[in-house]
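Here the sequence shown is numbered in the UniProt record's numbering, starting from 1 and rising by one per residue.
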Amino acid sequence: MTSVAAYAAPAAKAPLERTTVERREVGEHDVLIDIKYAGICHSDIHTVREEWGKTHFPLTPGHEIAGVVTEVGSGVTRFKVGDRVGVGCMVDSCRECENCRGGVEQHCLKGNVGTYGSRGRDGEITQGGYSTHIVVDENYTLRIPDGLSLDVAAPLLCAGITTYSPLKNYGAGPGKKVAVVGLGGLGHMAVKIAHAMGAEVTVLSQSLRKKEDGLKLGADHYYATADPRTFEELRGNFDLIVSTVSANVDFNAYLGLLKTGGTLVNVGAPENPISLQLFALIGGNKNLAGSMIGGIAETQEMLDFCAEHGLGAEIELISADRINEAYERVVASDVRYRFVIDTATI
Ligand SMILES: [Zn+2]
Ligand SMILES: [Zn+2]
1 MTSVAAYAAP AAKAPLERTT VERREVGEHD VLIDIKYAGI CHSDIHTVRE EWGKTHFPLT
61 PGHEIAGVVT EVGSGVTRFK VGDRVGVGCM VDSCRECENC RGGVEQHCLK GNVGTYGSRG
121 RDGEITQGGY STHIVVDENY TLRIPDGLSL DVAAPLLCAG ITTYSPLKNY GAGPGKKVAV
181 VGLGGLGHMA VKIAHAMGAE VTVLSQSLRK KEDGLKLGAD HYYATADPRT FEELRGNFDL
241 IVSTVSANVD FNAYLGLLKT GGTLVNVGAP ENPISLQLFA LIGGNKNLAG SMIGGIAETQ
301 EMLDFCAEHG LGAEIELISA DRINEAYERV VASDVRYRFV IDTATI
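Okay, here's the thing in C-alpha cells:
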C-alpha cells in the first residue's frame, strides 16, 4: 500500500479536508495514474451527505478523473507509461455475467465496483479522484484522445457518458428533434453532444437566464418551462426528451411534448417518487425510460466522439481548498458548468 494525498469527508455532512488515502500496489493488470484533474459531480455531494444511503467514512469522492499513466503492471497490454487516461464511475465488475459480457458493466448483475465508496475485490473500500494518484485495472481505464485537454475531458467521464449513451441509444441525429431538460453539468453536455450528432436541439430550462449560453453550446431553440405557453407551443414536437434534472418535474406535461412513439429518458435522479398519469403514455405510444452512465466500450466511444468533434466540458477550474465552497455552489446551481479540481493543489 502507498499513501497518497487526498481530500476526504470524515463524516456525513462534514466539510472535506486534506488527508491521505491508501492505494494498493500496482498489480499485474493495473495502471498507476497520476491524476491531473477531477471533476465535481452532484453525485459526490449526495454521497458524502448520505442523501443516497449509508456511506463509509472517511470517503474521498470523485469519479471524473483525468491523468497520465506513470506505472503499468507486468500483464498490462492496453496502456504504457505516459498515456493520457481517464477513469469514470466504476473501477471493476464481475466480468462474467450477462451484462458484463454484453458491454453494459454498469449494470453488472453482481453490482459494479464504484470508483468510490464501494468494496473492491481486495475487500477495501474504494476511494475516488480527489487525490493525486489512483491504481485501476486497465480494463476499466479509458484512453483520452490527444485532441482533448485533460481538464475539460475529466467531466466527460460521468457527465459526458451519462448523456451520450441515451442520445445515441434513442437515435439522436439528423432529422430528429431532441429536447434537453435542465442546463447544468449534465444538460450542457447533452446539448453539445446532441448538436454534434446532428439533431435539432431545444433546451427546456426553468427560466431564460442561461439562454445565451445554451445557444452558444449548440441549442437551436430555448424555452422557459416556468411559462405555461411553452407546453402548448411545443406539444407533440419532440422525438426524444432527455431530462437531466434531479428535482421532480411534471412528467405528464413533458410526455405531452413527445411525438407519437417518442421517448422521455431520465438521467437525473429525483429523491421522491413521481406521479404519473398513465394516459400520458398510452395516448401516442409514448415511452418513459431511464439510463445510467454507459459501459466501458461505450465510454471510450464517447471520448473518441468528443475528441473528433472538439467537445469538452465548460469548466471552472478550482484549487482543492475550494472544494467545500464549490459544493455549496453546485447545490445552488451556481456553476457554469462543471467544477474541476486541479489536483496539483491537493
Ligand atoms: Zn457523476
Ligand atoms: Zn457482471
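Beta carbons are placed, not taken as given, at the ideal position from N, Cα and C, and that holds for glycine. Since this is a predicted model, take the numbers as computed values, not measurements.
Problem - Reference Ser64; option with closest CA among Val245, Ile341, Ala11 - result: The displayed chain sequence assigns Glu, not Ser, to residue 64. The residue with the shortest Cα to Cα distance from Glu64 is Ile341.
Handout entry: Outcome for Pro61 when other beta-carbon atoms lying within 10 angstroms are tallied against a minimum of 16
Key = buried
Handout entry: Arg329 - containing beta strand (DSSP E), residue span
Key = First-last for Arg329: 323 to 331, but that is the alpha helix (DSSP H), not the beta strand (DSSP E).
Problem - Helix, strand or coil at Ser43 [DSSP, three-state] - result: helix
Practice task
Can you give me the Cβ contacts of Thr2 inside the same chain, cut-off strictly under 6 Å, excluding the 5 residues immediately before and after it?
Solution key: Arg23
Exercise for the section: With DSSP collapsed to three states, give me the class of Arg209. Expected result: coil
Problem - Paired residues, beta bridge with Lys177 - DSSP - result: Glu200
Practice task
Starting from Ser131, follow its DSSP beta bridges and name the residues at the other end.
Solution key: Ala6
Exercise for the section: Confirm the yes/no value for this check: CB of Cys41, any heavy atom of ligand 1, distance under 6 Å. Expected result: yes
Practice task
Please classify Pro58: is it buried, with 16 or more other beta-carbons within 10 angstroms of its beta-carbon, or exposed?
Solution key: buried
Practice task
In angstroms with no decimal places, state the Cα-to-Cα distance between Val335 and Ser74.
Solution key: 42 Å
Practice task
Put His221 into one of helix, strand or coil per three-state DSSP.
Solution key: strand
Exercise for the section: Answer yes or no: do Tyr327 and Leu240 have a C-beta to C-beta separation smaller than 7 Å? Expected result: no
Exercise for the section: Grab me the residues of Ser165's own chain with a C-beta within less than 8 Å of its C-beta, minus the 5 sequence neighbours each way, in chain order. Expected result: Ser291, Ile293, Gly294, Glu298, Met302
Exercise for the section: Jot down the residue ranges of each uninterrupted beta strand (DSSP E) in the stretch 51 to 117, minimum 3 residues, whole runs only, in chain order. Expected result: 65 to 72, 84 to 87, 90 to 92
Practice task
Count the other C-beta atoms from every protein chain shown that fall within 10 angstroms of the C-beta of Lys13, then say buried if there are 16 or more, exposed otherwise.
Solution key: exposed
Exercise for the section: May I have the straight-line CA-CA distance separating Glu50 from Gly175, to the nearest angstrom? Expected result: 43 Å
Handout entry: Lining residues of ligand 2 - beta-carbon closer than 7 Å to any non-hydrogen atom, in sequence order
Key = Ser93, Cys94, Arg95, Glu96, Cys97, Asn99, Cys100, Glu105, Cys108, Leu109, Lys110
Practice task
May I have the straight-line CA-CA distance separating Asp250 from Thr225, to the nearest angstrom?
Solution key: 10 Å
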